[in-house]
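Below: one structure, written as structure tokens.
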Amino acid sequence: MRLLKIVPDNTNIGFVRIRFIAFAITALLTVAAIGLVAVHGLNFGVDFVGGVSIEEKFTSAPPLDELRSTVNQLGYGEAVLQDMGGKNVVTIRLPVPKSNDAGATNAMVERVKGAVAAKFPGATFSTYSTVSGKVSNELIRNGVLAVALAIIGIAIFSWLRYEWQFGVSTAVAILHDVLMTLGFFAVTGMVFDLNIVAAVLTIIGYSINDKMVIDDRIRENMRKYRKMGMSELIDLSVNETLPRTVMTSLTILLALASLLVFGGHVLRGFTSAMMLGIVVGTYSSIYVSSSLLITLGLKPGVKPEKGESIADNAERVAPRERP
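Heads up: take any position in the sequence shown, counting from 1, add 430, and you land on the working numbering.
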């Protein structure tokens, strides 16, 4: 049976040749993303801005889309629903009322109870609780800290595993991926909650996996082809790993597309962030992280491994340079 090959054998695309165009596009998109976040801000969910959590019990599992539409029509903001798992109990989370006092909160809860009971006969109110602004601020701080520590930790690992240039290029590429995700949520106005923080951390994990594969191949070829120019060596390394990169990205996107279509409203933000992150992460791995190594001054040839002498590999050249 003939194997499916999305990327043909012996592909030789000159990625490094257009690196300055890629750098310009990357810089423009990064500045645009920062500007969008600064001007429009993020539509923080209840997790980050505080809010009211109302628990309702139904005689049978309610259609969540209808329940969400019923609550949203009351004008208190976008409701976040959570099915408590087979018990016909749904938690409705809404932002804190603008007046932010007990009377306004009680009035909002009563309106939600009445609207839900009218739409879904037999629905009964269980309890409600509030999320304070202090807890929300702690969640924001912890979310930012988690993302920052992930980027710093990955950069340090790349520095120690390879060379300092790899650490810097990896940190720049991952920071670019995160900023693109934030810019997307700023321009679309989609709710940014703890699910999206989880998506961002997952994107970082995927991006570092993709970049490490390419970095490993660059490192291997630096030892293998000591007389090859750095631009040619990076093009060779990226092209050698391109089939794996494209196939991995496509299969993940197919799975995420199914989740986007059938996963419902609750997972829509998470899935959208993941799909964007896969595309942006693949782009940054190929055009940003690898080509940036040249700008940072990485040179061909590396120190020999333990038990290997420089003379063992000093004359190695690319196959097409051999007589």
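Where a beta carbon is used, it is the ideal one built from N, C-alpha and C, also for glycine.
CB contact flag (residue i, residue j, <8 Å)
i           : j           : result
residue 463 : residue 613 : yes
residue 644 : residue 667 : yes
residue 703 : residue 617 : no
residue 714 : residue 603 : yes
residue 545 : residue 501 : yes
residue 448 : residue 669 : no
residue 623 : residue 478 : yes
residue 686 : residue 701 : yes
residue 534 : residue 525 : no
residue 475 : residue 621 : yes
residue 698 : residue 706 : no
residue 483 : residue 521 : yes
residue 472 : residue 615 : yes
Residues of its chain near residue i, where Cβ-Cβ distance is below 6 Å and the 5 sequence neighbours each way are ignored
i           : result
residue 554 : 487
residue 446 : 661, 664, 665, 721
residue 627 : 573
residue 736 : Confidence is the limiting factor: at residue 736 the pLDDT is only 47, short of 50, which leaves the residue's position unreliable, though a coordinate-based value still follows. None.
Residue range of the unbroken alpha helix (DSSP H) whose run includes residue i
i           : result
residue 673 : 660-692
residue 720 : 720-725
residue 447 : Residue 447 -> no alpha helix (DSSP H), and no H or E assigned at all.
residue 703 : 698-713
residue 642 : 624-654
residue 497 : 494-502
Cutoff 7 Å; reference residue i; Cβ partners in own chain excluding five residues on either side
i           : result
residue 710 : 607, 610
residue 750 : Here the model assigns residue 750 a pLDDT of 45, short of 50, so the residue's position is not dependable, and the following value carries that caveat. So the list is empty, once near-sequence residues are dropped.
residue 547 : 553
residue 456 : 606, 718
residue 440 : none
residue 647 : 667, 670, 671
residue 590 : none
The beta strand (DSSP E) enclosing residue i, as first and last residue numbers
i           : result
residue 513 : 510-513
One or two residues paired with residue i in a DSSP bridge
i           : result
residue 523 : 483, 510
residue 592 : According to DSSP, which records beta bridges pairwise, residue 592 is partnered with nothing at all.
residue 557 : 485
residue 473 : 621
8 Å CB neighbourhood of residue i in its chain, flanking five on each side removed
i           : result
residue 708 : 633, 636, 679, 682, 683, 686
residue 556 : 485, 486, 487, 519
residue 503 : 545
residue 507 : 524, 525
Quick test of the definition: if touching needs 3 or more C-beta pairs under 8 Å, does the segment 634-643 touch the segment 595-615? The segment 634-643 vs the segment 595-615: in contact.
Cβ pair count under 8 Å reaching 3, the segment 580-599 against the segment 711-730: Yes, since at least three Cβ pairs between the segment 580-599 and the segment 711-730 fall closer than 8 Å, the two stretches touch.
Meets three-Cβ-pair contact criterion under 8 Å: the segment 456-476 and the segment 679-689: Taking a cut-off of 8 Å for Cβ pairs, the segment 456-476 and the segment 679-689 do not touch, as fewer than three such pairs fall below it.
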